[in-house]
Amino acid sequence: MKILKVLTLIVVILLLLGFGVYHFGTKIASDKVMENVSTEIKKSGEVEEIKGMLEQDPQLQKLLENGIENIDESKLPFTTKEDAIQTVVKKIGIKEAQEIQSKVSDGVTNDEKQEILEKVENNLTEEEILALKVLAYKELNKK
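Just so we're aligned, residue 1 is where the sequence shown starts under UniProt numbering, counting upward by one.
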């Protein structure tokens with residue numbers, strides 16, 4: 001009976017440690033991904049082009065009618081970078097997400113951009129894509 005208690009305690013501790021690593025690891029990974037992507041975008045000089053694309057998106061414009069601070073976030077599947085990264089990793093997979101990040105950090109051609117967009121569009125729902133656009137808009141317009 002004592003062995004069973006010790007084994008149960010060990011399993012519980014391992015589960016808690018695993019959850020902690022997953023939770024904090026996702027935050028660290030999302031920060032690193034966002035930093036790499038934003039650095040690459042700034043280096044390539046495409047910030048204004050991306051802002052323009054986001055501002056012309058009809059779905060995003062409908063949400064932004066009353067201002068970015070008045071968006072009803074309860075209708076979005078996620079509202080934080082961490083949740084977005086978790087969703088993308090779940091839907092696309094860790095390997096694919098790492099490949100995308102690697103491509104972006106090495107610089108991408110227009111064909112590669114199109115390929116990445118197709119992967120994202122094929123694996124995420126419209127609501128998830130819209131939530132990503134909202135996060136990108138907020139990030140690009142951060143002061």
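Ideal Cβ positions, reconstructed from N, Cα and C, are used throughout, including at glycine.
Exercise for the section: Please state if the CB of PRO77 and the CB of GLU126 are separated by a distance shorter than 8 Å. Expected result: No, these two residues do not count as a Cβ contact at 8 Å.
Handout entry: Length of the line joining the Cα atoms of MET53 and LYS119
Key = In a straight line, the C-alpha of MET53 is about 19 Å away from that of LYS119.
Handout entry: For PHE24, the nearest candidate out of SER102, ILE85 and ILE92 (CA to CA)
Key = When each option's Cα is compared against that of PHE24, the closest is ILE85.
Problem - C-alpha distance - LYS90 paired with ALA97, whole-angstrom precision - result: Taking the CA atoms as reference points, LYS90 sits about 10 Å from ALA97.
Exercise for the section: Count the CB pairs spanning the segment 95-114 and the segment 46-66 that are closer than 8 Å, and state whether there are at least three. Expected result: By the C-beta criterion, the segment 95-114 is judged not to be in contact with the segment 46-66, since fewer than 3 inter-stretch pairs fall below 8 Å.
Problem - Span of the alpha helix (DSSP H) around ASP83 - result: Where ASP83 is concerned, the enclosing alpha helix (DSSP H) stretches over 81-92.
Practice task
Would you mind working out which of ILE100, LEU64, GLU121 and LEU4 sits nearest residue 147, comparing C-alpha positions?
Solution key: No information on residue 147 is available, as it lies outside the stretch 1 to 143 that the chain covers here.
Practice task
Please work out which residues of its chain come closer than 8 Å, Cβ to Cβ, to GLU121, disregarding the five sequence neighbours upstream and downstream, and give them in chain order.
Solution key: Taken in chain order, the residues that qualify are ILE129.
Handout entry: Whole-Å CB distance - SER44 paired with GLU139, under 8 Å assumed
Key = The Cβ separation is near 16 Å, so there is no contact.
Problem - Extent of the continuous alpha helix (DSSP H) to which ILE129 belongs - result: Per DSSP, ILE129 belongs to the alpha helix (DSSP H) from 126-140.
Problem - DSSP-derived helix/strand/coil call for GLU96 - result: Helix.
Practice task
Identify which residue in ASP83, ASN123, VAL134 and VAL104 has its Cα closest to the Cα of GLU46.
Solution key: Per the Cα distances, VAL104.
Problem - Cα-Cα separation, LYS75 to VAL88 - result: Rounded to whole angstroms, the separation of the alpha carbons of VAL88 and LYS75 is 18 Å.
Exercise for the section: Let me know the secondary structure DSSP gives GLU112 once reduced to three states. Expected result: In the three-state reduction of the DSSP assignment, GLU112 falls in the helix class, which pools H, G and I.
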